[in-house]
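Sequential numbering from 49 applies to the sequence shown in this note's numbering.
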Amino acid sequence: MITPITDVTIREIATQKVVMRFALAKRLRSVISLILLSLKTSSFGRFFYTSNVITKNLKYR
């Protein structure tokens, strides 16, 4: 028996996809922050980190 795909199930699937994408983005962000932390020790990493922070601040304004 095939259950008809209602609006609710479509919405549920969409929200699940969004949640999964958000979780992935969170994980990626944590990994990137870890890499940036390790890079911060080197001079080039420090320069890269500061430029990244500046661009982030400009984006959020």
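We put the CB at the ideal spot given by N, CA and C, even for glycine.
Residue i versus residue j: straight-line alpha-carbon distance, rounded
{"i": "T63", "j": "V101", "result": "31 Å"}
{"i": "V67", "j": "F95", "result": "34 Å"}
{"i": "L72", "j": "I80", "result": "12 Å"}
{"i": "R110", "j": "L82", "result": "What is shown of the chain runs 49 to 109, which leaves residue 110 out entirely."}
{"i": "T57", "j": "R77", "result": "30 Å"}
{"i": "L85", "j": "T103", "result": "17 Å"}
{"i": "D55", "j": "N105", "result": "39 Å"}
{"i": "K65", "j": "R59", "result": "10 Å"}
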